[in-house]
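Read top to bottom, the protein sequences are chains C and Y.
Read left to right, the first sequence gives residues 701 to 782 (my numbering).
Read left to right, the second sequence gives residues 141 to 512 (my numbering).
Every residue, glycine too, gets a C-beta built ideally from N, C-alpha and C.
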Amino acid sequence: MCLAVPGKILDVNGSETTRTGTVSFGGVSKEACLAFVPEAKVGDYVLVHAGFAISVVDEAEAAQTLEYFRQMGELRELEGKP
Amino acid sequence: MKFVDEYRDQAKAEDLAQAIARIATKPWSIMEVCGGQTHSIVKYGIDELLPEHITLLHGPGCPVCVTPLELIDKALLIAARPEVIFCSFGDMLRVPGSGGDLFSVKAKGADVRIVYSPLEALKIARDNPRQEVVFFAVGFETTAPANAMAVFQAHAQKLPNFSVLVSHVLVPPAIAAILSAPDNRTQGFLAAGHVCTVMGFEEYLPLAQTFHVPIVVTGFEPVDILQGILMCVEQLEQGRAEVENQYARSVQRKGNRPAQELMSKVFRVVARKWRGVGEIPNSGFGLRDAFAAYDAETRFGVTGYHVDEDSECIAGQVLRGVKKPQECPAFGTRCTPERPLGATMVSSEGACAAYYQYRRHEQTSLAAGRRS
Numbered sequence: 701m702c703l704a705v706p707g708k709i710l711d712v713n714g715s716e717t718t719r720t721g722t723v724s725f726g727g728v729s730k731e732a733c734l735a736f737v738p739e740a741k742v743g744d745y746v747l748v749h750a751g752f753a754i755s756v757v758d759e760a761e762a763a764q765t766l767e768y769f770r771q772m773g774e775l776r777e778l779e780g781k782p
Numbered sequence: 141m142k143f144v145d146e147y148r149d150q151a152k153a154e155d156l157a158q159a160i161a162r163i164a165t166k167p168w169s170i171m172e173v174c175g176g177q178t179h180s181i182v183k184y185g186i187d188e189l190l191p192e193h194i195t196l197l198h199g200p201g202c203p204v205c206v207t208p209l210e211l212i213d214k215a216l217l218i219a220a221r222p223e224v225i226f227c228s229f230g231d232m233l234r235v236p237g238s239g240g241d242l243f244s245v246k247a248k249g250a251d252v253r254i255v256y257s258p259l260e261a262l263k264i265a266r267d268n269p270r271q272e273v274v275f276f277a278v279g280f281e282t283t284a285p286a287n288a289m290a291v292f293q294a295h296a297q298k299l300p301n302f303s304v305l306v307s308h309v310l311v312p313p314a315i316a317a318i319l320s321a322p323d324n325r326t327q328g329f330l331a332a333g334h335v336c337t338v339m340g341f342e343e344y345l346p347l348a349q350t351f352h353v354p355i356v357v358t359g360f361e362p363v364d365i366l367q368g369i370l371m372c373v374e375q376l377e378q379g380r381a382e383v384e385n386q387y388a389r390s391v392q393r394k395g396n397r398p399a400q401e402l403m404s405k406v407f408r409v410v411a412r413k414w415r416g417v418g419e420i421p422n423s424g425f426g427l428r429d430a431f432a433a434y435d436a437e438t439r440f441g442v443t444g445y446h447v448d449e450d451s452e453c454i455a456g457q458v459l460r461g462v463k464k465p466q467e468c469p470a471f472g473t474r475c476t477p478e479r480p481l482g483a484t485m486v487s488s489e490g491a492c493a494a495y496y497q498y499r500r501h502e503q504t505s506l507a508a509g510r511r512s
């Protein structure tokens with residue numbers, strides 16, 4: 701029920717409570733309400749739940765998490781584990 | 141898909157599982173309070189990747205599962221009315237009430253429609269001015285802004301034929317209720333990433349402190365969940381009880397302020413009954429007086445309806461992490477997704493349904509991949 705899917709904003713229309721946009725989810729486009737992410741702009745990734753964007757994905761935070769995983773992988777290789 | 145695929149990587153998942161095994165010296169029980177996470181855990185076999193002494197408990201994190209029987213009955217009563225178009229998220233349609241489900245009402249001729257967003261229900265109301273359009277507004281904090289916006293726009297557009305049947309529940313009071321129970325087994329929590337995307341995580345700080353439990357805000361993909369477990373186990377091993385944020389790419393400390401503002405305009409905090417658990421004070425949302433005209437319960441005169449719940453179903457104990465689905469004598473026999481006794485067997489996010497679906501067939505399991 702609380703599923704939210706990341707998608708890329710292709711365009712933005714309207715303002716305030718009727719602010720909407722077209723969001724592409726891996727190639728499939730859907731209209732989403734952007735009223736709760738007033739800072740979101742074309743090209744941003746948003747998490748969409750029940751037709752509403754609830755957050756703008758923080759790309760710097762995402763990159764940091766992936767860097768952490770990369771270091772874990774290197775650690776594993778250094779330890780000579782499969 | 142960006143921000144999805146990289147969090148389903150098997151090598152990363154295995155690194156994290158090994159890291160957990162390295163640091164876990166004692167048995168620990170950790171509960172997730174989100175049906176989406178429960179579904180991922182069982183689907184990908186995350187619990188089977190963990191050392192045996194780390195137990196995952198599946199909490200009351202599925203709003204479909206915790207919607208009380210009497211509210212389903214109210215939905216059935218309203219949906220059966222000839223003037224009503226009843227709109228709902230798809231997963232509510234097979235939840236059993238005392239006399240059938242929404243599908244069975246639909247089969248008898250009622251106009252029951254599945255919508256993806258509450259705004260679709262609003263459009264149906266605009267397109268059908270002679271019909272009464274009722275939206276079944278269930279969900280946790282994640283869904284509350286969407287449902288609040290539907291009511292707010294109905295009010296702004298002066299739509300007299302739109303109303304909502306509200307069954308909104310909140311996560312922190314449920315965590316407090318679980319931790320206060322004498323038979324509580326939970327020592328650490330994974331908080332739901334999208335609930336916290338909306339609400340932030342400051343309201344979890346007093347819970348972590350009062351009950352001395354670590355709480356890690358966690359995402360939904362297998363790698364997210366494993367990292368959340370690792371952070372939780374680290375805290376447990378070190379005797380810490382803090383709120384940490386694994387899902388920082390979406391969750392900020394204060395959450396989504398515009399969403400919270402609209403929610404508090406439309407909703408107020410009320411006591412709510414949880415199916416299988418009972419009433420929890422201050423555990424849900426009801427409409428504020430300014431929006432009371434959109435309350436379907438009053439509009440269709442079903443406010444005073446009460447009903448007792450089935451006694452054989454142990455969903456309440458499953459939802460509190462006291463029992464696992466397979467410990468129920470009815471599991472897979474008298475209770476199946478086709479003929480469910482309780483809601484945890486209905487929704488794909490319910491613990492019983494997830495175990496029924498994946499533990500009977502062993503499909504896309506990371507653990508199975510490891511064994512081969």
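Which value, in whole angstroms, describes the spacing of the CA atoms of residue i and residue j?
i: residue 254 of chain Y; j: residue 153 of chain Y; result: 36 Å
i: residue 705 of chain C; j: residue 420 of chain Y; result: 31 Å
i: residue 158 of chain Y; j: residue 200 of chain Y; result: 28 Å
i: residue 273 of chain Y; j: residue 431 of chain Y; result: 16 Å
i: residue 232 of chain Y; j: residue 774 of chain C; result: 46 Å
i: residue 181 of chain Y; j: residue 310 of chain Y; result: 22 Å
i: residue 162 of chain Y; j: residue 418 of chain Y; result: 40 Å
i: residue 226 of chain Y; j: residue 203 of chain Y; result: 19 Å
i: residue 391 of chain Y; j: residue 477 of chain Y; result: 34 Å
i: residue 241 of chain Y; j: residue 427 of chain Y; result: 25 Å
i: residue 303 of chain Y; j: residue 413 of chain Y; result: 21 Å
i: residue 424 of chain Y; j: residue 762 of chain C; result: 32 Å
i: residue 469 of chain Y; j: residue 481 of chain Y; result: 12 Å
i: residue 400 of chain Y; j: residue 283 of chain Y; result: 11 Å
i: residue 499 of chain Y; j: residue 472 of chain Y; result: 11 Å
i: residue 141 of chain Y; j: residue 726 of chain C; result: 5 Å
i: residue 185 of chain Y; j: residue 264 of chain Y; result: 41 Å
i: residue 143 of chain Y; j: residue 342 of chain Y; result: 25 Å
i: residue 733 of chain C; j: residue 379 of chain Y; result: 43 Å
i: residue 90 of chain Y; j: residue 286 of chain Y; result: Residue 90 of chain Y falls outside the range modelled here, since chain Y spans only 141 to 512, and no answer is possible.
i: residue 435 of chain Y; j: residue 375 of chain Y; result: 44 Å
i: residue 442 of chain Y; j: residue 275 of chain Y; result: 15 Å
i: residue 751 of chain C; j: residue 703 of chain C; result: 11 Å
i: residue 766 of chain C; j: residue 713 of chain C; result: 33 Å
i: residue 300 of chain Y; j: residue 266 of chain Y; result: 10 Å
i: residue 697 of chain C; j: residue 398 of chain Y; result: Coverage of chain C is limited to positions 701 through 782, which leaves residue 697 of chain C absent and any answer about it impossible.
i: residue 488 of chain Y; j: residue 179 of chain Y; result: 7 Å
i: residue 245 of chain Y; j: residue 741 of chain C; result: 43 Å
i: residue 781 of chain C; j: residue 146 of chain Y; result: Summary for residue 781 of chain C: the model assigns pLDDT 48, below 50, so the residue's position carries little reliability; its value from the coordinates is reported in the next sentence. Cα to Cα, residue 781 of chain C sits roughly 22 Å from residue 146 of chain Y.
i: residue 407 of chain Y; j: residue 151 of chain Y; result: 44 Å
i: residue 707 of chain C; j: residue 748 of chain C; result: 7 Å
At a CB-CB cut-off below 7 Å, which residues of chain C make contact with residue i?
i: residue 266 of chain Y; result: Here the premise fails: no neighbours, minimum Cβ distance about 14 Å.
i: residue 332 of chain Y; result: 702
i: residue 144 of chain Y; result: 706
i: residue 242 of chain Y; result: What residue 242 of chain Y touches in chain C: nothing, since even the nearest Cβ is about 16 Å away.
i: residue 399 of chain Y; result: 736 and 754
i: residue 207 of chain Y; result: Going along chain C, no residue has its Cβ under 7 Å from residue 207 of chain Y, so there is no contact; the nearest lies around 10 Å.
i: residue 176 of chain Y; result: 702 and 703
i: residue 279 of chain Y; result: 701
i: residue 396 of chain Y; result: 736, 754 and 755
i: residue 202 of chain Y; result: 701
Along chain Y, which residues have their Cβ under 8 Å away from the Cβ of residue i?
i: residue 773 of chain C; result: 151, 152 and 155
What residues of chain C sit near residue i, judged by a beta carbon separation below 8 Å?
i: residue 389 of chain Y; result: 757, 758, 759, 761, 762 and 765
i: residue 159 of chain Y; result: 772
i: residue 497 of chain Y; result: Per Cβ cutoff of 8 Å: no residues; residue 497 of chain Y is ~16 Å from chain C at best.
i: residue 275 of chain Y; result: Those within 8 Å of residue 275 of chain Y in chain C number zero; the least Cβ separation is about 11 Å.
Counting only Cβ pairs nearer than 9 Å, list the residues of chain C close to residue i.
i: residue 293 of chain Y; result: 717 and 718
i: residue 482 of chain Y; result: Simply none; closest approach about 17 Å.
i: residue 231 of chain Y; result: 701
i: residue 344 of chain Y; result: In chain order: nothing, as chain C lies at least about 16 Å away.
i: residue 489 of chain Y; result: 701, 702 and 703
Whose Cβ in chain Y lies nearer than 9 Å to the Cβ of residue i?
i: residue 721 of chain C; result: Near residue 721 of chain C there are no residues of chain Y at all, since even the closest Cβ is about 14 Å away, more than 9 Å.
Under 7 Å Cβ-Cβ, which residues of chain Y neighbour residue i?
i: residue 726 of chain C; result: 141
Complete runs of the beta strand (DSSP E) confined to the stretch 424–512 of chain Y [at least 3 residues]:
Counting only runs of 3 or more, we get nothing.
Is it true that the stretch 165–176 of chain Y meets the stretch 752–765 of chain C, where meeting means three or more beta-carbon pairs spaced less than 8 Å apart?
No, they do not touch.
Between the stretch 735–762 of chain C and chain Y, which residues of the former have a C-beta closer than 7 Å to a C-beta of the latter?
Near chain Y, meaning a CB-to-CB distance below 7 Å, the residues of the stretch 735–762 of chain C are 735, 736, 738, 745, 747, 749, 750, 751, 752, 754, 755, 757, 758, 761 and 762.
The stretch 313–325 of chain Y touching the stretch 360–376 of chain Y, judged by at least three CB pairs closer than 8 Å
The stretch 313–325 of chain Y vs the stretch 360–376 of chain Y: no contact.
Please give the ranges of any beta strand (DSSP E) in the stretch 266–324 of chain Y, keeping only runs that are unbroken, at least 3 residues long and fully inside the region.
If we require 3 residues or more, the beta strand (DSSP E) runs fully inside the stretch 266–324 of chain Y come out as 272–279 and 302–309.
Counting beta carbon pairs with one atom in the stretch 711–723 of chain C and one in the stretch 732–747 of chain C, are three or more of them shorter than 8 Å?
Yes, since at least three Cβ pairs between the stretch 732–747 of chain C and the stretch 711–723 of chain C fall closer than 8 Å, the two stretches touch.
Can at least three beta-carbon pairs, one atom from the stretch 382–390 of chain Y and one from the stretch 355–363 of chain Y, be found at a separation below 8 Å?
Verdict: yes, contact present.
Please list the residues of the stretch 245–263 of chain Y that have a C-beta atom closer than 7 Å to any C-beta atom in chain C, keeping them in chain order.
The stretch 245–263 of chain Y vs chain C, Cβ under 7 Å: 256, 257, 258 and 259.
With a floor of 3 residues, list each beta strand (DSSP E) that falls wholly inside the stretch 347–415 of chain Y, ordered by position along the chain.
Complete beta strand (DSSP E) runs here, min 3: 355–358, 383–385 and 407–414.
Report the start-end ranges of each alpha helix (DSSP H) in the stretch 178–205 of chain Y that is 4 residues or longer and not cut off at the edges.
Restricting attention to alpha helix (DSSP H) runs no shorter than 4 residues, the stretch 178–205 of chain Y encloses them at 186–189, ordered along the chain.
For the stretch 285–313 of chain Y, which residues have a CB atom closer than 9 Å to at least one CB atom of chain C, in sequence order?
Within the stretch 285–313 of chain Y, the residues whose Cβ lies closer than 9 Å to some Cβ of chain C are 285, 286, 287, 289, 292, 293 and 296, listed in chain order.
Quick one, which residues of the stretch 337–364 of chain Y are near chain C if we go by CB-CB under 8 Å, in chain order?
Listed in sequence order: 337, 338, 360 and 363.
Residues from the stretch 456–471 of chain Y in contact with chain C, defined by Cβ distance under 9 Å:
Those would be none; no residue qualifies.
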